[in-house]
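What follows is a set of notes on a single structure, which appears directly below.
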Amino acid sequence: MQRVKRNLVLLISSLLLLLIWQVGSMMLDSQILLPGIPPVAQALRTLIAQPPFAHNLLSTALRALQSFLIIVISATVVGVLAGRFEYLSIALRPFVTTLKAIPVMSIILLAFIWFSSGTVPLFSAFLMGFPVMYVQIEMGVRQLDRNLDQMCTLYEFRPSDKLLHFIIPSMTSWFIAGSRTALSMVWKVVIAAEVLTVPRYGVGARMQLAQVQLQTDLVLSWTLIAVMLTALGDLLFDALVHLVAYLKRKIDARGVPCSS
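If you want it as structure tokens, here you go:
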């Protein structure tokens, strides 16, 4: 019942948003300032039917995926090390603080000077997403129970079982929180970088070209596509989290063996 209510509230809020959009378009009465829902829907259908649509979609998705994987791997490794070694954490603090404070546009513009237009989104997304996940991983490592080592030694748990049944479960919430935040940020930064650098293919590049030609219906169409890409990424991430949790429950059902 609660799920039905939540879905109903979501549906009503979505319809209200569409209504505000359509009313605003009718009040402005300008296809350049704010086209209505029908012309944007028609532009969206036209975009999907064109062959370059898949190239633009895949290019943006691949850039986001590459950036996200690099962030996850590097931030996890560095975060674990920084959580274990205090002096490394202190040494990295100025770099992390600087990355968190730099405006997104500054990073994109500097990257555009240094790299090609296809590399700028990857580099920019990495610099913006890395500190977010790094901080979560480092905090997670520091929150680990210091008595865990003594308990595992006392009961002679194998290192693999200690990692699988104690350390990873303790770190899961921190890892998921950092990954989810970094993923949302990656989509935004990648598309923003594409808008400024205009690579050959990309959702952001198509937005920029449509804006130059004052095709607001196309700008809104590509914006809707960007929103759907982000939502799809979140859904896939949640599905992966549920799959890992299911596999973890299956493993836990076998118990935690001790070394002989």
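Mapping to UniProt numbering: the sequence shown position 51 is 51, numbers consecutive. Glycine included, every Cβ here is placed at the ideal spot set by N, Cα and C.
- With respect to the C-alpha of Ile-113, the residue from Arg-249, Asp-238, Leu-196 and Met-207 having the closest C-alpha is Leu-196.
- Within the same chain, Ile-137 and Val-141 come within 7 Å of Val-80 by CB-CB distance, once the 5 residues on both sides are set aside.
- Assignment of Phe-123 by DSSP, reduced to helix, strand and coil, places it in the helix class.
- Between the region 176-190 and the region 26-40, the count of Cβ pairs shorter than 8 Å is below three; the stretches do not touch.
- Between Ile-107 and the set Thr-172, Ile-176, Ala-177 and Ala-193, the nearest pair of CA atoms involves Ala-193.
- Shown here for Trp-222: same chain residues with a beta carbon closer than 7 Å to its own, the five before and five after excluded, namely Val-203, Arg-206, Met-207 and Ala-210 in chain order.
- Here Ser-59 carries a helix assignment [DSSP, helix/strand/coil].
- Here Leu-19 carries a helix assignment [DSSP, helix/strand/coil].
- Annotated as proximal: Ala-125 and Val-190, with beta-carbon spacing under 7 Å.
- Taken atom to atom, the span from the alpha-carbon of Ala-101 to that of Pro-121 is near 18 Å.
- Under the three-state reduction of DSSP, Gly-202 is assigned to coil, being neither helix nor strand.
- In the DSSP assignment, Ile-37 falls within the unbroken alpha helix (DSSP H) covering 37-49.
- Between Leu-34 and the set Ala-54, Leu-218 and Ile-73, the nearest pair of CA atoms involves Leu-218.
- Phe-95 sits in a helix when the DSSP states are folded into three classes.
- Comparing alpha carbon positions, the residue from Arg-84, Ile-176, Pro-199 and Ser-25 closest to Thr-216 is Ser-25.
- Within its own chain, the residues whose Cβ lies closer than 7 Å to the Cβ of Trp-174, once the five positions on either side in sequence are excluded, are Gln-136, Ile-137, Met-139 and Gly-140, listed in chain order.
- Check the Cα spacing between Leu-58 and each of Arg-200, Val-212 and Ala-239: the tightest is with Arg-200.
- Inter-residue distance for Ser-30 and Pro-103 is about 33 Å (C-alpha atoms, whole angstroms).
- With fewer than 16 other CB atoms across the displayed protein chains lying within 10 angstroms of its CB, Thr-46 is exposed.
- Close CB contacts of Phe-68 within its chain, under the 6 Å cut and outside five residues either way in sequence, are with Leu-183 and Val-186 (chain order).
- Ser-13 sits in a helix when the DSSP states are folded into three classes.
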